[in-house]
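Heads up: the structure comes next, in structure tokens.
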Amino acid sequence: MNQFSKSSSSSRTAAAALALAAACAGGNVWAQAAARDAQRPANVVQLSAEGTVGVKQDWMTATLSATKDGRDAASVQSQLQKIVESAMTMLRHDAQGGQMELSTGNFSISPRYGNNGKIEGWQGQAEIVLQGRDFVRITQAAAKVQDMTLAGMGFGLSREAREKVEGEAQAKAIENFRQRAAAISKSFGFAGYSLREVSVNSNGGSVRPMPRPRMMSMAKASYSDAAPVPVEADRAEVTVTVGGSIQMQ
């Protein structure tokens with residue numbers, strides 16, 4: 001046998017080996033895919049359901065604000081500090097845990113620029129936040145504060161009310177999920193289902209902002225002239241969503 005014949009025979013042998021290897025590899029890939037398909041669960045359905053409970057908002061937040069303007073930053077800061085300290089001293093007499101709680105809010109000093117781009121003065125703002133369940137107490141206390149204006153108010157749910165309502169909404173959502181899962185399984189001709197996975201989410205009943213009231217300087221009014229702002233809380237809807245998958249059986 002010459003050198004050419006030997007080379008040709010070796011090439012044919014190598015090609016045959018490669019073809020066999022490719023066939024075996026293809027067979028393994030097909031077998032693995034078939035195994036995955038066999039393990040993949042059948043008759044699985046994704047679905048979700050909601051439960052909603054309406055409740056009147058029981059938590060009020062009111063913000064008092066004071067602004068000062070001057071040529072010196074330290075002077076503006078000092079004036080605002082005195083206003084806040086005086087207001088906090090007065091408001092502490094009406095404060096009561098859960099009914100009316102006090103906290104300081106935003107306190108900022110910023111430069112005021114003229115047309116030439118240079119600093120011509122300073123302006124500052126300070127806030128006090130009143131919040132609680134006693135709306136009357138909060139509005140009456142806010143009306144007594146001199147040198148500060150009612151900058152805004154809003155309503156929401158207290159933590160206790162939110163947790164209670166979320167529990168009710170969650171129970172409704174779960175029951176709705178179960179009923180829907182049973183109905184879907186029956187529609188497809190199955191006797192029942194098993195729960196595979198589930199998630200529960202709540203919107204928490206967010207605060208609904210109130211329209212910004214007309215600003216009125218309490219510095220120009222006596223205590224007897226300062227009337228509390230009439231307020232009425234709206235209703236909130238707390239929604240819980242239950243989502244997941246079931247396997248029909």
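In my numbering, the protein residues as written are 1 to 249.
Think of the CB as a built atom: it goes at the ideal place given N, C-alpha and C, for glycine as much as any other residue.
Between the alpha carbons of Val240 and Leu150 lies a gap of roughly 35 Å. Burial is judged here by how many other beta carbons sit within 10 angstroms of a residue's own beta carbon; Asp69 has fewer than 16 and is exposed.
Only buried fits Thr63, as 16 or more other CB atoms lie within 10 angstroms of its CB.
Ala126 places its beta carbon less than 8 Å from that of Ala66.
In this structure, DSSP gives Glu168 a helical state, which the three-state scheme calls helix. Residue pairing for Leu64: DSSP places it in a beta bridge opposite Ile128, Leu150. Uninterrupted alpha helix (DSSP H) stretches at least 4 residues long and entirely within the stretch 68-149 occur at 73-91, 135-144, given in chain order. According to the DSSP assignment, Gly54 belongs to the beta strand (DSSP E) that extends over 44-56. DSSP, reduced to helix, strand and coil, places Phe188 outside both helices and strands of the structure shown, so it counts as coil. Between Met60 and Gly132, the CB-CB gap stays under 8 Å. Note that the C-beta distance between Gly244 and Arg180 is not below 8 Å. In the same chain as Gln170, and ignoring 5 residues on each side of it, the C-beta atoms closer than 6 Å to its own belong to Val240, in chain order.
Using a Cβ-Cβ distance cut-off of 8 Å, the stretch 83-94 and the stretch 183-203 are not in contact, since fewer than three pairs of beta carbons, one from each stretch, lie closer than that value.
Residues Ile119, Glu120 of the same chain have their beta carbon placed closer than 8 Å to that of Tyr113, with the five preceding and five following residues left out of the count. Ser202 is not a Cβ neighbour of Glu168, given a cutoff of 8 Å.
Cα atoms of Gln146 and Arg235: separation of roughly 32 Å, rounded to the nearest angstrom. Between the C-alpha atoms of Asn115 and Gln99 there is a straight-line separation of about 48 Å. Relative to Leu130, the option among Gly54, Val242, Ile109, Gly105 whose CA is nearest is Gly105. Judged by beta-carbon spacing, Ala161 lies within the 8 Å limit of Val55, meaning their Cβ atoms are closer than that value. Ser194 has its alpha-carbon roughly 19 Å from the corresponding atom of Lys172. Here Val198 is not near Val136, since their CB atoms are 8 Å or more apart.
For Val198, the uninterrupted beta strand (DSSP E) segment begins and ends at 193-202.
Gly97 is classed as exposed because its beta carbon has fewer than 16 other beta carbons within 10 Å across all chains shown.
In this structure, Val231 sits near Thr139, with a CB-CB distance shorter than 8 Å.
A residue is called buried when at least 16 other Cβ atoms come within 10 angstroms of its Cβ; Gly192 does not meet this threshold and is exposed.
Secondary structure at Glu237: strand, using DSSP grouped into helix, strand and coil.
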